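Taking the working numbering, I'd label the letters of the sequence shown as residues 1 to 285.
For every residue, glycine included, the Cβ atom is placed at its ideal position computed from N, Cα and C.
Bear in mind that the values here come from a model prediction, so they are computed numbers and not experimental data.
Scroll down for the structure; my scribbles are underneath it.
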Amino acid sequence: MAKMKRKYAVTQMALSNLDAWVNSPRVLSMIVCMVVYCIMQGVVDQAGFWAANMELPLTLPEKLFVKLYNSFYNMGSLLFLVMVSEIPRRIPFQHMMLIRSNRRKWIISQCLYCAFMVLLTILLLSMTYMLVVFPDSPLGNTFTDNEFIAAGYYEQEESFIPAYIRSQFTPWSACLISAIPMFFFWYTMVLVILLCSMMGHPMLAPSLYGFILLAPTTLLTECLPSWLVLPTDFNSLGAIVSKCVGGELSHLGAVLIGYLAVDIGLIIILYRIALHTDFSFFDQK
């Protein structure tokens with residue numbers, strides 16, 4: 001019973017942080033921007049999806065898969081970065097949680113709070129986009145490419161959705177598997193922001209990630225050597241498998257294991273720092 005209360009206390013602290021985050025002016029304004037962005041994406045998609053010079057009437061889960069496959073493009077990550085640029089929130093409320101709990105529970109709640117932020121934002125983007133495209137998108141649990149290929153309109157190599165996805169998943173499960181790399185990229189990002197804040201450099205990580213996410217347009221990264229690996233090479237399922245010719249799912253599994261190792265390492269470092277750091281910076285408004 002006592003153990004359940006301890007877990008409940010950690011969850012309650014995480015949810016309290018989430019509530020304060022959702023109701024902050026910065027996040028509310030970014031939610032409006034995300035809704036507008038999803039509307040724009042839906043309007044653009046009304047022009048249709050094409051494969052082998054043929055327009056494909058993609059279903060609702062297929063359209064969502066396209067967005068998740070590309071992590072809602074760089075704009076999705078940039079909007080999320082603005083939303084999470086202050087972790088933890090530097091307000092006296094953090095002291096109240098520390099008084100009622102302890103440093104160990106507090107840092108665990110912060111890591112859980114970070115996961116909640118990522119999940120909530122992915123859900124917001126997905127649900128908003130589906131609501132926008134739903135009127136023109138039939139529901140279905142089969143891939144349109146399979147039907148067109150079976151009818152002889154084009155070959156496997158010309159398909160819009162990759163063959164390894166169509167052979168291993170349904171459209172809805174494909175959406176789920178494509179959201180996993182997106183989750184890990186964002187979760188790693190917020191853990192790094194939290195780590196830099198705990199070390200007394202709250203603006204370092206947001207500035208670094210802003211530079212990384214804007215690099216493809218500001219630095220023309222396609223001109224860089226092919227052997228150079230950038231963080232954006234792992235921000236979505238599409239980016240992860242872009243250079244794979246066969247074995248895409250094995251490569252994805254290796255990347256996810258790497259993400260798990262990095263995130264566990266970051267959480268351990270945060271836990272150690274939380275035991276000894278000076279929490280006085282929470283008084284800064």
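Status (buried if at least 16 other CB within 10 Å, exposed otherwise) for residue i
i      : result
GLY76  : buried
ASP283 : With a pLDDT of only 49 at ASP283, under the threshold of 50, the placement of this residue in the model should not be trusted; the figure read from the coordinates follows. Answer is exposed; the Cβ neighbour count stays below 16.
MET97  : buried
ILE87  : buried
SER159 : buried
LEU58  : buried
GLY42  : buried
ALA239 : buried
PHE72  : buried
Short Cβ contact (8 angstroms threshold) for residue i with residue j
i      : j      : result
THR11  : GLU62  : no
LEU56  : LEU213 : no
MET198 : THR277 : yes
SER85  : PRO206 : yes
ILE149 : GLN156 : yes
TYR113 : LEU18  : yes
ALA9   : SER101 : yes
Whole-angstrom C-beta distance between residue j and residue i, which should lie under 8 angstroms
i      : j      : result
ASN74  : PRO171 : Going by Cβ atoms, the distance from ASN74 to PRO171 rounds to 25 angstroms, so no, they are not a contact pair.
MET34  : TYR153 : Their Cβ separation, rounded to whole angstroms, is 36 angstroms, which puts MET34 and TYR153 out of contact at 8 angstroms.
ALA14  : PHE116 : 6 angstroms
GLU288 : VAL255 : Outside the shown range of the chain, which is 1 to 285, sits residue 288, and nothing can be said about it.
MET83  : VAL118 : That belief does not hold up - the Cβ atoms of MET83 and VAL118 are roughly 10 angstroms apart, past 8 angstroms.
ILE31  : VAL132 : Wrong, their Cβ atoms sit about 15 angstroms apart, outside the cutoff.
MET130 : LEU60  : 6 angstroms
Identified DSSP bridge partners for residue i
i      : result
LEU230 : LEU230 is not bridged to any residue.
ALA51  : MET54
Original post:
Okay, do the region 179–199 and the region 252–271 touch, 3+ Cβ pairs below 8 angstroms being the bar?
Top reply: In the pairwise beta carbon analysis, the region 179–199 is classified as touching the region 252–271: at least three pairs are separated by under 8 angstroms.
Original post:
Would the region 119–131 and the region 57–74 be scored as touching if the rule is three or more Cβ pairs under 8 angstroms?
Top reply: Put simply, the region 119–131 touches the region 57–74. At least three CB pairs are less than 8 angstroms apart.
Original post:
Is it a yes or a no for the region 229–244 touching the region 166–186, going by three-plus beta-carbon pairs under 8 angstroms?
Top reply: The way I'd put it, the region 229–244 does touch the region 166–186; three or more beta-carbon pairs between them come closer than 8 angstroms.
**OP:** Count the C-beta pairs between the region 132–139 and the region 98–107 that are closer than 8 angstroms, then say yes if the count reaches three, no if not.
**Re:** When Cβ pairs closer than 8 angstroms are counted between the two stretches, the region 132–139 is seen not to touch the region 98–107, the count staying below three.
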